Amino acid sequence: MYDYLIVGAGIFGAVCARELTDAGRKVLVIDKRDHIAGNIYTECIKGIQVHKYGAHIFHTNNRDVWDYINRFAEFNRYTNSPIANYKGELYSLPFNMYTFNKMWGVITPDQAEEMISSQRAAYIEKLQISVPSSSGSFTPRNLEEQAISLVGTDIYEKLIKGYTRKQWGRPCNELPASIIRRLPVRLTYDNNYFNARYQGIAIGGFTDMIGRMLDGIDIRLNTDYLDPKIREHLDQEAHAVIYTGAIDALFDYKLGNLEYRSLRFEEELLETPNYQGNAVVNYTDEETPYTRIVEHKWFEFGKDSEGNDIPVTVISREYSHEWKPGEESYYPIGDEKNLKLYEEYRKMADALPTLYVGGRLGEYKYYDMDVTIERALELIDDLLRRPS
Ligand code: FAD
Numbered sequence: 005m006y007d008y009l010i011v012g013a014g015i016f017g018a019v020c021a022r023e024l025t026d027a028g029r030k031v032l033v034i035d036k037r038d039h040i041a042g043n044i045y046t047e048c049i050k051g052i053q054v055h056k057y058g059a060h061i062f063h064t065n066n067r068d069v070w071d072y073i074n075r076f077a078e079f080n081r082y083t084n085s086p087i088a089n090y091k092g093e094l095y096s097l098p099f100n101m102y103t104f105n106k107m108w109g110v111i112t113p114d115q116a117e118e119m120i121s122s123q124r125a126a127y128i129e130k131l132q133i134s135v136p137s138s139s140g141s142f143t144p145r146n147l148e149e150q151a152i153s154l155v156g157t158d159i160y161e162k163l164i165k166g167y168t169r170k171q172w173g174r175p176c177n178e179l180p181a182s183i184i185r186r187l188p189v190r191l192t193y194d195n196n197y198f199n200a201r202y203q204g205i206a207i208g209g210f211t212d213m214i215g216r217m218l219d220g221i222d223i224r225l226n227t228d229y230l231d232p233k234i235r236e237h238l239d240q241e242a243h244a245v246i247y248t249g250a251i252d253a254l255f256d257y258k259l260g261n262l263e264y265r266s267l268r269f270e271e272e273l274l275e276t277p278n279y280q281g282n283a284v285v286n287y288t289d290e291e292t293p294y295t296r297i298v299e300h301k302w303f304e305f306g307k308d309s310e311g312n313d314i315p316v317t318v319i320s321r322e323y324s325h326e327w328k329p330g331e332e333s334y335y336p337i338g339d340e341k342n343l344k345l346y347e348e349y350r351k352m353a354d355a356l357p358t359l360y361v362g363g364r365l366g367e368y369k370y371y372d373m374d375v376t377i378e379r380a381l382e383l384i385d386d387l388l389r390r391p392s
């Protein structure tokens with residue numbers, strides 16, 4: 005008999021499994037997929053670690069989490085510096101002095117700030133003529149107004165408008181302003197996308213990292229907890245269950261589906277050593293059907309595990325589309341309607357005394373890996389404090 009059955013061998017389930025095992029509990033991990041590591045799964049193709057569910061870069065400000073994850077992998081010095089391609093014009097991301105120099109030819113931070121401020125002021129003035137505000141203050145009513153009021157018209161038109169439309173499937177003036185409360189604007193020549201103290205890619209791939217977390221722990225793959233026949237047996241094998249799958253699926257969508265945006269990846273192995281010279285290139289115009297192309301080898305500087313140059317390359321074109329039941333869920337929509345529905349499911353889950361629901365799908369939240377680890381450690385801390 006196991007103390008805990010952990011449903012899902014992603015990073016949330018793996019941290020729970022490791023911590024419980026190290027505390028002397030007997031654990032079984034299952035996953036419905038044929039591999040461990042959940043969405044951070046990487047597969048080695050011709051010496052290249054391919055991120056099968058989208059590009060993943062570990063980044064955190066939390067020293068404890070950084071120390072924790074370094075127990076299971078060595079991290080390289082990769083710094084995420086995506087490039088935006090707007091109809092063949094290339095810009096640095098996130099918006100920084102390189103971007104502003106390319107866009108306007110400005111050299112100093114003051115000149116860049118002045119440019120953004122004047123575009124912002126002109127836009128707000130134009131808007132207020134069409135929508136007079138009684139108080140005189142300007143409150144953006146949608147994402148377009150929010151974005152332009154933060155970064156001006158040029159950056160919005162070339163780097164935000166088309167990309168966001170593709171990402172969310174709707175024009176920016178039909179999306180809530182809340183999606184981009186802030187837009188990082190750096191008045192320095194700094195292309196580092198993540199403003200984090202610690203950052204890198206697990207050398208040898210994230211799958212191996214999760215493999216080390218699960219070392220010595222019983223694992224069953226191709227095992228779907230929600231298959232009634234399988235569940236009946238599994239529930240008898242363990243005293244308690246930690247479930248990291250979708251919370252609505254757990255209750256057979258009784259109250260309806262939670263909504264997501266989904267992604268499709270078109271992967272290609274190319275007989276060339278260098279396709280785009282960077283790991284991530286975003287296509288920010290509206291006409292290009294994909295949002296970005298990831299060239300996986302550059303996460304590890306184009307080298308294989310022995311440090312040799314790799315003569316071929318693997319790219320993934322990423323397409324964003326509306327999620328339908330049965331498809332992989334990637335980004336929670338997280339609007340008022342969905343959050344309300346989630347709260348209802350959460351109450352149902354909390355009422356089950358030996359079942360704990362967590363992870364990105366269980367909590368219906370976009371969590372980076374570092375926060376996922378924090379949440380898993382919190383749950384286990386709580387469980388281990390309870391009288392057994
Ligand atoms: P998952 O990885 O989804 O694991 C859940 C597991 O449960 C899956 O393996 C699933 O098969 C299994 N499961 C579900 N239902 C069942 C069932 N019924 N029976 C058995 N098994 C089941 N984070 C970063 O820190 N850096 C990044 O650069 C980054 N990039 C991202 C890019 C994209 C496109 C997306 C969508 C996310 C990104 N993230 C990134 C976030 C990262 O993917 C998550 O933090 C992480 O995957 C969460 O882990 P998890 O264990 O909660 O979920």
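Start counting at 1 in the sequence shown, then tack on 4, and there's your number in the numbering used here.
Every residue, glycine too, gets a C-beta built ideally from N, C-alpha and C.
What you are looking at is a predicted structure, and each value in this text was computed from that prediction instead of being measured.
1) Determine the burial state of LYS258: buried for a count of at least 16 other Cβ atoms within 10 Å of its Cβ, exposed for fewer.
2) What does the Cβ neighbour count give for SER320, buried or exposed, with the cut at 16 atoms within 10 Å?
3) Are the beta-carbon atoms belonging to ARG379 and TYR370 less than 8 Å from one another?
4) Alpha carbon to alpha carbon, how far is GLU332 from GLU326? Give it in angstroms, no decimals.
5) How about ILE49 and PHE210: are their beta carbons less than 8 Å apart?
6) In the DSSP assignment, what are the bridge partners of LEU218?
7) Pull up the distance between the alpha-carbon of LEU154 and that of ARG75, whole angstroms please.
8) Quick check on VAL33: does DSSP put it in helix, strand or coil?
9) Enumerated in chain order, which unbroken segments of the alpha helix (DSSP H) with a length of 4 residues or greater are wholly contained in the segment 342 to 391?
10) With 16 other CB atoms within 10 Å as the buried threshold, where does SER96 fall?
11) What is the DSSP secondary structure of ASN43, reduced to helix, strand or coil?
12) Looking only at its own chain, which residues have a Cβ that is under 6 Å from the Cβ of HIS63, when we skip the five neighbours before and after it?
13) For ALA27, count neighbouring Cβ atoms within 10 angstroms of its own Cβ and tell me buried if that reaches 16, exposed if not.
14) Compute every distance between the C-beta of TYR334 and the non-hydrogen atoms of the ligand ATP, then say whether any falls below 7 Å.
15) For the candidate residues ASP158, ILE164, ASP35 and VAL33, whose alpha-carbon lies nearest to that of MET119?
16) Assign ILE384 to one of two classes, buried (16 or more other C-beta atoms within 10 Å of its C-beta) or exposed (fewer than that).
Answer, in terms of the structure:
1) exposed
2) buried
3) no
4) 11 Å
5) no
6) DSSP, once it has assigned bridges, lists no residue as partnering LEU218.
7) 41 Å
8) In this structure, VAL33 counts as strand in the three-state DSSP scheme.
9) 363 to 366 and 373 to 389
10) buried
11) helix
12) Sequence-distant Cβ neighbours of HIS63 in its own chain, meaning closer than 6 Å and more than five residues away, are PHE198, ALA200 and GLN203.
13) exposed
14) The model depicted lacks the ligand ATP and carries the ligand FAD instead.
15) Cα-wise, what sits closest to MET119 is ASP158.
16) buried
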